[in-house]
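Here's the structure we're looking at; comments come further down.
Numbering (UniProt numbering), first residue to last: 1 to 583.
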């Protein structure tokens, strides 16, 4: 019986231990299954976040993605240990563990509360996703605004394109119409060319006839003067009263009562100043050197002219004023300003001394020609008549006539006694850039932007000869003191020398280019030639050998140049406002 009872107890104990093992295995399986599910869920969540990260980065702006740091979450080790100790039946160990665990938790609670509270993984990842979503929304809003602005700019550009397209079509239509009108006008002009040629031939014939009549009249007047002089001599011998009555008899004229008669030209004109000039010795053009400079004006100087007898230089400037400068040493003062004048309403383009040296004529962009008297210190005569800016002026050797040229394609001859325009010379087809009387003669030389020179008889207004060899607009022309050689320069720097009796071709050519030659001037002997160039150089040329040298001293283009009375000194002025004296 005892043995059976023991056997029953043993079997019962084995069954109970088997049940306990099965129950522990089931609980371990449940615990392990929960842990596996939890690890699987965490792996799935990590893979989902990895897959969502590229799409989120693709929606955001380009750039290196910022790494978000997530605090690691500690495992729930206490629950695992409790379950393990409970299954193993270690109740005393479990109680001891719980007492120690909760005691340490109570001690660490204040420090944990002061630092931070634990945030589960799901909330942290949710917050990160929300922040990324806000960033994407902001970027989307910015992109939307940029797209709207780009759309508005595109609309404006399209409107401007349509507007310019319409303007282009309108301008193209106007251009085509103008081309057609130009062709019709050209045909119309060609139809009038034969009639214009006939009228030109008739006009030239009439001028020649008029010139012949004038010459015959001069001869008759000379003959009449000789006869009257002979008659006066005879009458003086007979009676003093007859001599007085003859002297008081007036000379009548059909012209203006104050008009001045031109001096009669008997044979070849002779310059009386040539006898007073000591011809300079033959020297090389390179012998000139800069002596001193004068700050004449703050603005460019357009023209200079030397007093007929004294070392006084006149300057005309863009500052609307003219000035006189004493070049001769007066004590310690060299280059002292002695007089100035203002009255023109625009820049001055030219100036010229009266032959007696007491007056100065100036031309200006206001198209006026003014005459200034030094003794009175003011303008004594204003000559209006040009319709465009006047470029230069020149006195006749007798001092009673003044010639001026203008951009209105004309040159005018003014009688200073009657204060009126005696002649208007019309032949050039472009601006007349310079004018000058040939020395001690009634001949007038003009040059024009139509690339030609013309010599006029100032008594009749007849063009005697025309010089056409320049390939560019002529800027200036002058005559030698003897009056038999002409020099002209153009905007390409080419200087031509002409024999006044042979206008067909120049006798010599000097290339002072490529810059423009603004003015050319002979020395008193006619052996040297000074050229004012636009490249800030003064070129001195020997007429015989055509050897040239460059004088550098200006900081800008040279506008005007002249020699002194002996030919020993060259004076120049330009756009830098300086007067340079080369001795």
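Note that beta-carbon positions come from the ideal geometry of N, C-alpha and C, so glycine has one too.
Do residue i and residue j have their C-beta atoms closer together than 8 Å?
{"i": "residue 353", "j": "residue 314", "result": "yes"}
{"i": "residue 574", "j": "residue 515", "result": "no"}
{"i": "residue 564", "j": "residue 360", "result": "no"}
{"i": "residue 356", "j": "residue 320", "result": "no"}
{"i": "residue 396", "j": "residue 367", "result": "no"}
{"i": "residue 561", "j": "residue 530", "result": "yes"}
{"i": "residue 403", "j": "residue 394", "result": "yes"}
{"i": "residue 405", "j": "residue 442", "result": "no"}
{"i": "residue 372", "j": "residue 382", "result": "no"}
{"i": "residue 296", "j": "residue 497", "result": "no"}
{"i": "residue 428", "j": "residue 458", "result": "no"}
{"i": "residue 466", "j": "residue 448", "result": "no"}
Whole-angstrom Cβ separation of residue i and residue j, contact assumed at under 8 Å?
{"i": "residue 416", "j": "residue 456", "result": "Actually they do not touch by this definition, with Cβ atoms about 19 Å apart."}
{"i": "residue 524", "j": "residue 479", "result": "The Cβ separation is near 12 Å, so there is no contact."}
{"i": "residue 527", "j": "residue 553", "result": "Actually they are not in contact, since the Cβ atoms of residue 527 and residue 553 sit about 23 Å apart, beyond 8 Å."}
{"i": "residue 444", "j": "residue 477", "result": "Wrong, their Cβ atoms sit about 11 Å apart, outside the cutoff."}
{"i": "residue 318", "j": "residue 339", "result": "Actually they do not touch by this definition, with Cβ atoms about 19 Å apart."}
{"i": "residue 512", "j": "residue 495", "result": "6 Å"}
{"i": "residue 522", "j": "residue 487", "result": "7 Å"}
{"i": "residue 293", "j": "residue 580", "result": "5 Å"}
Considering residue i, what are the terminal residues of the alpha helix (DSSP H) in which it resides?
{"i": "residue 83", "result": "77-88"}
By how many angstroms is the C-alpha of residue j removed from the C-alpha of residue i?
{"i": "residue 291", "j": "residue 401", "result": "36 Å"}
{"i": "residue 137", "j": "residue 130", "result": "10 Å"}
{"i": "residue 19", "j": "residue 127", "result": "48 Å"}
{"i": "residue 56", "j": "residue 125", "result": "Legend: pLDDT at residue 56 = 44, less than 50; position of this residue unreliable, value from coordinates given subsequently. Approximately 13 Å, taken between the alpha carbons."}
{"i": "residue 567", "j": "residue 196", "result": "48 Å"}
{"i": "residue 349", "j": "residue 322", "result": "10 Å"}
{"i": "residue 370", "j": "residue 379", "result": "7 Å"}
{"i": "residue 504", "j": "residue 411", "result": "23 Å"}
{"i": "residue 17", "j": "residue 90", "result": "15 Å"}
{"i": "residue 223", "j": "residue 507", "result": "39 Å"}
{"i": "residue 328", "j": "residue 311", "result": "6 Å"}
{"i": "residue 153", "j": "residue 123", "result": "45 Å"}
{"i": "residue 541", "j": "residue 190", "result": "45 Å"}
{"i": "residue 414", "j": "residue 259", "result": "10 Å"}
{"i": "residue 163", "j": "residue 177", "result": "21 Å"}
{"i": "residue 93", "j": "residue 7", "result": "33 Å"}
{"i": "residue 102", "j": "residue 14", "result": "37 Å"}
{"i": "residue 183", "j": "residue 174", "result": "14 Å"}
{"i": "residue 85", "j": "residue 79", "result": "10 Å"}
{"i": "residue 142", "j": "residue 148", "result": "10 Å"}
{"i": "residue 145", "j": "residue 135", "result": "15 Å"}
{"i": "residue 81", "j": "residue 104", "result": "16 Å"}
{"i": "residue 468", "j": "residue 200", "result": "18 Å"}
{"i": "residue 430", "j": "residue 156", "result": "48 Å"}
{"i": "residue 231", "j": "residue 398", "result": "28 Å"}
Could you spell out where the beta strand (DSSP E) holding residue i opens and where it closes?
{"i": "residue 521", "result": "517-522"}
{"i": "residue 320", "result": "From DSSP, residue 320 is part of no beta strand (DSSP E); its letter is neither H nor E."}
{"i": "residue 385", "result": "Taken as a continuous stretch (DSSP letters only), residue 385 belongs to no beta strand (DSSP E), as it is neither H nor E."}
{"i": "residue 544", "result": "Neither: residue 544 is in no beta strand (DSSP E) and is coded neither H nor E."}
{"i": "residue 559", "result": "558-563"}
{"i": "residue 363", "result": "359-364"}
{"i": "residue 412", "result": "410-415"}
{"i": "residue 338", "result": "336-342"}
{"i": "residue 509", "result": "508-511"}
{"i": "residue 368", "result": "Here residue 368 belongs to no beta strand (DSSP E), and DSSP marks it neither H nor E."}
{"i": "residue 294", "result": "290-295"}
Looking at C-alpha atoms only, which residue of the options is the closest neighbour of residue i?
{"i": "residue 482", "options": "81, 500, 155 and 322", "result": "500"}
{"i": "residue 489", "options": "473, 304, 318 and 173", "result": "473"}
{"i": "residue 520", "options": "570, 504, 174 and 25", "result": "570"}
{"i": "residue 23", "options": "79, 13 and 88", "result": "88"}
{"i": "residue 316", "options": "293, 365, 328 and 309", "result": "365"}
{"i": "residue 392", "options": "198, 559 and 583", "result": "559"}
{"i": "residue 475", "options": "341, 493 and 465", "result": "493"}
{"i": "residue 460", "options": "303, 204 and 452", "result": "204"}
{"i": "residue 549", "options": "557, 532 and 556", "result": "532"}
{"i": "residue 309", "options": "287, 262, 12 and 358", "result": "358"}
{"i": "residue 420", "options": "187, 384, 228 and 534", "result": "384"}
{"i": "residue 491", "options": "462, 437, 557 and 200", "result": "557"}
{"i": "residue 583", "options": "200, 422, 289 and 99", "result": "289"}
{"i": "residue 377", "options": "324, 423 and 336", "result": "324"}
{"i": "residue 409", "options": "156, 80, 390 and 185", "result": "390"}
{"i": "residue 304", "options": "262, 287 and 351", "result": "351"}
{"i": "residue 596", "options": "199, 185 and 261", "result": "Any property of residue 596 remains undetermined from this structure, which presents the chain solely from 1 to 583."}
{"i": "residue 287", "options": "343, 551 and 344", "result": "551"}
{"i": "residue 374", "options": "386, 228, 399 and 341", "result": "341"}
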